[in-house]
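First comes the structure, then the notes that go with it.
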Amino acid sequence: MTSLLRVENVDTYYGLIQALRGASLEVQAGGIVALLGANGAGKTTLLKTVMGLLEDQPDKGEIFFDGQPIHGRETEDIARRGIAYVPEGREVFRELTVMENLKIGAYARRDAIGEDLEGIFRYFPRLLERRDQWAGTLSGGEQQMLAIGRALMSRPRLLLLDEPSLGLSPLLVQEIFDIVKSINTDGVTILLVEQNARMALSVASRALVMERGRFVLEGSAEEVAADPDVQEFYLGLATEESVKGFKRYRRKKRWR
Amino acid sequence: MDILGNLPQVLFSGLAAGSVYALVALAMVIIYRTTEVLNFAQGDMAMMSTYVGLGLLVAGGLPFFWAMLGALAFAAALGAFSEFAFLRRAKEPTVLGLIIITLGIEMIVFGFASWKWGGDPRDLPTPLSPADVVVIGGVIMSYLELATIAISATTISALFLFLNRSKAGLAMRATQQNRAVARLMGIRVRRVEMGAWALAAVIGGIAGLLVGPATTVEPYMMWDPMMKGFAAAVLGGMTSLAGAALGGAIIGIIENLFGFYVSTAFKSVVPFAAILLMLAIKPSGLLARHYVKKV
Numbered sequence: 006m007t008s009l010l011r012v013e014n015v016d017t018y019y020g021l022i023q024a025l026r027g028a029s030l031e032v033q034a035g036g037i038v039a040l041l042g043a044n045g046a047g048k049t050t051l052l053k054t055v056m057g058l059l060e061d062q063p064d065k066g067e068i069f070f071d072g073q074p075i076h077g078r079e080t081e082d083i084a085r086r087g088i089a090y091v092p093e094g095r096e097v098f099r100e101l102t103v104m105e106n107l108k109i110g111a112y113a114r115r116d117a118i119g120e121d122l123e124g125i126f127r128y129f130p131r132l133l134e135r136r137d138q139w140a141g142t143l144s145g146g147e148q149q150m151l152a153i154g155r156a157l158m159s160r161p162r163l164l165l166l167d168e169p170s171l172g173l174s175p176l177l178v179q180e181i182f183d184i185v186k187s188i189n190t191d192g193v194t195i196l197l198v199e200q201n202a203r204m205a206l207s208v209a210s211r212a213l214v215m216e217r218g219r220f221v222l223e224g225s226a227e228e229v230a231a232d233p234d235v236q237e238f239y240l241g242l243a244t245e246e247s248v249k250g251f252k253r254y255r256r257k258k259r260w261r
Numbered sequence: 125m126d127i128l129g130n131l132p133q134v135l136f137s138g139l140a141a142g143s144v145y146a147l148v149a150l151a152m153v154i155i156y157r158t159t160e161v162l163n164f165a166q167g168d169m170a171m172m173s174t175y176v177g178l179g180l181l182v183a184g185g186l187p188f189f190w191a192m193l194g195a196l197a198f199a200a201a202l203g204a205f206s207e208f209a210f211l212r213r214a215k216e217p218t219v220l221g222l223i224i225i226t227l228g229i230e231m232i233v234f235g236f237a238s239w240k241w242g243g244d245p246r247d248l249p250t251p252l253s254p255a256d257v258v259v260i261g262g263v264i265m266s267y268l269e270l271a272t273i274a275i276s277a278t279t280i281s282a283l284f285l286f287l288n289r290s291k292a293g294l295a296m297r298a299t300q301q302n303r304a305v306a307r308l309m310g311i312r313v314r315r316v317e318m319g320a321w322a323l324a325a326v327i328g329g330i331a332g333l334l335v336g337p338a339t340t341v342e343p344y345m346m347w348d349p350m351m352k353g354f355a356a357a358v359l360g361g362m363t364s365l366a367g368a369a370l371g372g373a374i375i376g377i378i379e380n381l382f383g384f385y386v387s388t389a390f391k392s393v394v395p396f397a398a399i400l401l402m403l404a405i406k407p408s409g410l411l412a413r414h415y416v417k418k419v
């Protein structure tokens, strides 16, 4: 069985700074894969590299979608093959209406989109109320919903979600993640980049941990959640305390 | 002479001149909004298209309508070619660099036209002579002026419909707002940008074909309308299509008012005085929306 997305030994540079160091990853069709890691670990860079958004990158390595090589291709072509990317910070078209934002999501398609619009409004009823408003006038949570809805309008097979919880209230985060789950149940494979490790691990079937531009840990969501390093550094479960009650960060991360 | 009695006449002539400025302004705004580039070649690209129309009409012997259509087809090709051959070649371009490239295109086009067709002014014969007039309510309106206003209004309406109702127009607006995300939607942004240049060149070309019969066809013919059109675009806020159209009409009218009531000698200076005033009072322009650009 071929995997839906396969990244092999990818190096990506920003000028002289190397952001990805031989990163490899496989995403099988069907599940939700969570991608964890601290700031600057290379999570967003990986997604941007997959989408071909970084000019002349990846410097080395290969990326396959559904068995076909996509590295070095134009972003437009990669998107048209069935990968949708919801960028960090929403990035809706602020001066287009909600409806226009959704329509532009289906730009590359030729068939009717009425059914898809109904589907989006079923996931996000609030977008229906605001469909003739400029997207720039929506709240942060509504913009996130719109960004996800816009991505779904292309009927993607793989959805790359970059920090969907960024800047949202806990209640809204829960709402968004519930919908992410049901989108996956409806048949879209999801690669989820998230700082909120607890939330991400609760919906994911598999998880990967990135540090300094490479993957250091991979497994089912349960395995990763049970890893002592992940517990301490990502989930914040302290395991030992000194006599005086100060936390001592002696522990070495074994993958450095 | 009745001062106020002449007012409608002055306003009408101003509107006729202003509708040409509006077209030039719209052409500049389309390119500016898509690529943030000020296209200083806009006027001379229109001049060259007008020469091509004249050639098709006189030397080619085509009927008037088809010659003009041919001129606009040439304009579209010239616009698309300029984007493809010059602007797209810039590696990691800065906006200033691209603007300098448009100045280069302007010099090439102007030089070519001067060499090919010479500096002699020529007439562009039209079915509508400036001498044919109709008098409505004491205002003398030439058929040419009426046609100019009608054609401009039609072009502007068609442009608004295209941008707001068609899928290609939607793609153009999306590309203007966020190029990278537009690519993520599968929009081929380079084609959109090339299309924007072609569209702008056609609209500029229509302006050229309207200026030609009113004055003469010569290499310098578009310099004045181009500057006034630029002024109109700034007055309207550079990013607003409605503002550009309105700015064109306003500049045409105040220029004519000043010319009639004060002095013809300084007529051309007035629009720029209006811009200085505008930039001092409301720098974002008449109709520009507050557009927060993400850095």
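Heads up: the protein sequence lines correspond to chains A and B, in order. Numbers given in our numbering equal positions in the first sequence, counted from 1, plus 5. Numbers given in our numbering equal positions in the second sequence, counted from 1, plus 124. All C-beta atoms, glycine included, are put in the ideal place defined by N, C-alpha and C.
Item to check | Helix, strand or coil at residue 210 of chain A according to DSSP, with G and I counted as helix | outcome: To locate residue 210 of chain A, count along the first sequence from 1; it is residue 205. In the structure shown, residue 210 of chain A falls within a coil segment according to DSSP collapsed to helix, strand and coil.
Item to check | Close-in-space but distant-in-sequence residues of the same chain around residue 257 of chain B (CB under 8 Å, 5 per side omitted) | outcome: Within the second sequence, the letter at position 133 stands for residue 257 of chain B. For residue 257 of chain B, the CB contacts under 8 Å within the same chain, skipping 5 residues up- and downstream, are 264, 265, 266, 267 in chain order.
Checklist entry - Using a Cβ-Cβ distance under 9 Å, would residue 150 of chain A count as near chain B? => result To locate residue 150 of chain A, count along the first sequence from 1; it is residue 145. Not closer than 9 Å to any Cβ of chain B, the Cβ of residue 150 of chain A fails to qualify, so no.
Checklist entry - Helix, strand or coil: how does DSSP classify residue 129 of chain A here? => result Numbered from its first residue, the first sequence carries residue 129 of chain A at position 124. Reduced to three states, the DSSP call for residue 129 of chain A is coil.
Next on the checklist: Quick check: residue 283 of chain B and residue 196 of chain B, are their CB atoms within less than 9 Å of each other?
Outcome noted: Looking up residue 283 of chain B in the second sequence gives position 159. Looking up residue 196 of chain B in the second sequence gives position 72. Not closer than 9 Å, so no.
Checklist entry - Below 8 Å, can you find three or more Cβ-Cβ pairs linking the stretch 271-290 of chain B to the stretch 64-72 of chain A? => result no
Checklist entry - Between B/349, B/260, B/261, B/161, which lies nearest to residue 218 of chain B when the distance is taken from Cα to Cα? => result Residue numbering aside, residue 218 of chain B sits at position 94 when the second sequence is read from its first letter. For residue 218 of chain B, the nearest C-alpha among the options comes from B/161.
Checklist entry - Going straight from the alpha carbon of residue 306 of chain B to that of residue 281 of chain B, what length do you get? => result Indexing the second sequence from 1 puts residue 306 of chain B at position 182. Indexing the second sequence from 1 puts residue 281 of chain B at position 157. The alpha-carbon atoms of residue 306 of chain B and residue 281 of chain B are separated by roughly 26 Å.
Checklist entry - Cα-Cα, which of B/232, B/261, B/179, B/142 is closest to residue 169 of chain B? => result As a working note, residue 169 of chain B is residue 45 in the second sequence. With distances taken between Cα atoms, residue 169 of chain B lies closest to B/232.
Checklist entry - When DSSP builds the beta bridges, which residues end up paired with residue 65 of chain A? => result Here residue 65 of chain A refers to the residue found at position 60 of the first sequence. In the DSSP output, where bridge partners are listed per residue, residue 65 of chain A has A/16.
Next on the checklist: Check whether chain B comes within 9 Å of residue 48 of chain A, counting only Cβ atoms and requiring the distance to be less than that.
Outcome noted: The sequence position of residue 48 of chain A within the first sequence is 43, counting from 1. With its beta carbon at least 9 Å from every one in chain B, residue 48 of chain A lies outside the interface.
Checklist entry - How close, in whole Å, do the beta carbons of residue 91 of chain A and residue 34 of chain A come, if the pair is a contact with beta carbons under 8 Å? => result Counting from 1 along the first sequence, the entry for residue 91 of chain A is found at position 86. Counting from 1 along the first sequence, the entry for residue 34 of chain A is found at position 29. Going by Cβ atoms, the distance from residue 91 of chain A to residue 34 of chain A rounds to 19 Å, so no, they are not a contact pair.
Checklist entry - When you check each C-beta in the stretch 107-129 of chain A against every C-beta of chain B, which residues fall closer than 8 Å? => result For the stretch 107-129 of chain A, which is checked against every Cβ of chain B, the residues closer than 8 Å are 108, 109, 110, 112, 113.
Checklist entry - Which residues of chain A have a Cβ atom closer than 7 Å to the Cβ of residue 310 of chain B, listed in chain order? => result As a first step, residue 310 of chain B must be located in the second sequence, where it is residue number 186. Near residue 310 of chain B (Cβ distances below 7 Å), the residues of chain A are 81, 84, 85, 112, 113, 159.
Item to check | Distance, residue 312 of chain B Cα to residue 173 of chain A Cα | outcome: As a working mapping, residue 173 of chain A is identified with position 168 in the first sequence. As a working mapping, residue 312 of chain B is identified with position 188 in the second sequence. Those two C-alpha atoms are separated by around 32 Å.
Next on the checklist: Which residues of the stretch 267-291 of chain B have a Cβ closer than 9 Å to any Cβ of chain A? Give them in chain order.
Outcome noted: 291
Next on the checklist: For residue 287 of chain B, report the span of its alpha helix (DSSP H) as first-last.
Outcome noted: As a first step, residue 287 of chain B is located in the second sequence; it is residue number 163 there, counting from the start. 267-289 is the extent of the alpha helix (DSSP H) around residue 287 of chain B.
Item to check | Under 8 Å by beta carbon: chain A residues contacting residue 219 of chain B | outcome: Walking along the second sequence from the start, residue 219 of chain B turns up at place 95. Result: empty, since nearest Cβ-Cβ is about 18 Å, beyond 8 Å.
Checklist entry - Does any CB atom of chain B fall closer than 9 Å to the CB of residue 89 of chain A? => result One-based indexing of the first sequence puts residue 89 of chain A at position 84. So, interface residue.
Item to check | Chain-ordered neighbours of residue 178 of chain B on chain A, where CB pairs are closer than 9 Å | outcome: The sequence position of residue 178 of chain B within the second sequence is 54, counting from 1. Simply none; closest approach about 40 Å.
Checklist entry - Among A/98, A/56, A/63, A/48, which one has its Cα closest to the Cα of residue 17 of chain A? => result For the purposes of this step, residue 17 of chain A is identified with residue 12 of the first sequence, where counting begins at 1. Among A/98, A/56, A/63, A/48, the Cα nearest to that of residue 17 of chain A belongs to A/63.
Item to check | Where residue 212 of chain B meets chain A, residues with beta-carbon distance less than 7 Å | outcome: Looking up residue 212 of chain B in the second sequence gives position 88. In chain order: nothing, as chain A lies at least about 14 Å away.
Item to check | Minimum C-alpha distance to residue 231 of chain A - residue among A/166, A/203, A/103 | outcome: Here the question's residue 231 of chain A lines up with position 226 in the first sequence. When only C-alpha atoms are compared, the closest one is A/203.
Next on the checklist: Strictly below 9 Å CB to CB, what residues from chain B border residue 101 of chain A?
Outcome noted: To locate residue 101 of chain A, count along the first sequence from 1; it is residue 96. The contacting residues are 294, 297, 298, 301.
Next on the checklist: Quick test of the definition: if touching needs 3 or more C-beta pairs under 8 Å, does the stretch 86-101 of chain A touch the stretch 26-46 of chain A?
Outcome noted: Counting C-beta pairs with one atom in each stretch, the stretch 86-101 of chain A and the stretch 26-46 of chain A have fewer than three that are closer than 8 Å, which means they do not touch.
Next on the checklist: Quick check: is the beta carbon of residue 136 of chain A nearer than 9 Å to any beta carbon in chain B?
Outcome noted: Taking the first residue of the first sequence as 1, we reach residue 136 of chain A at position 131. It does not; no Cβ of chain B falls within 9 Å.
Item to check | Contained alpha helix (DSSP H) runs [length at least 4] in the stretch 61-106 of chain A, N- to C-terminal order | outcome: 80-85
Item to check | Residue closest to residue 196 of chain A, alpha-carbon to alpha-carbon, out of A/20, A/168, A/149, A/137 | outcome: As a position in the first sequence, residue 196 of chain A is number 191, starting the count at 1. Here the closest residue by C-alpha is A/168.
Next on the checklist: Helix, strand or coil, according to DSSP, for residue 220 of chain A in the structure here?
Outcome noted: As a first step, residue 220 of chain A is located in the first sequence; it is residue number 215 there, counting from the start. DSSP places residue 220 of chain A in strand when its eight states are reduced to three.
Item to check | Alpha-carbon to alpha-carbon, residue 226 of chain B and residue 212 of chain B | outcome: Sequence index remark: in the second sequence, residue 212 of chain B carries index 88 (1-based). Sequence index remark: in the second sequence, residue 226 of chain B carries index 102 (1-based). Their backbone Cα atoms lie some 12 Å apart in a straight line.
Next on the checklist: At a CB distance below 8 Å, what residues from the stretch 55-75 of chain A approach chain B? Give them in sequence order.
Outcome noted: 56, 58
Item to check | Nearest-angstrom Cα separation, counted from residue 163 of chain B out to residue 178 of chain A | outcome: Translated into positions along the first sequence, residue 178 of chain A becomes position 173. Translated into positions along the second sequence, residue 163 of chain B becomes position 39. Going by the C-alpha atoms only, they are around 46 Å apart.
Item to check | Host alpha helix (DSSP H) of residue 314 of chain B (start-end) | outcome: The residue you call residue 314 of chain B lines up with position 190 of the second sequence. Element bounds for residue 314 of chain B: 313-338.
Item to check | Inter-stretch contact (C-beta, 8 Å, three-pair minimum) for the stretch 373-383 of chain B and the stretch 345-356 of chain B | outcome: yes
Item to check | residue 23 of chain A - containing alpha helix (DSSP H), residue span | outcome: The count along the first sequence starts at 1 and reaches residue 23 of chain A at position 18. It is not in any alpha helix (DSSP H) - residue 23 of chain A instead sits in the beta strand (DSSP E) that spans 22-32.
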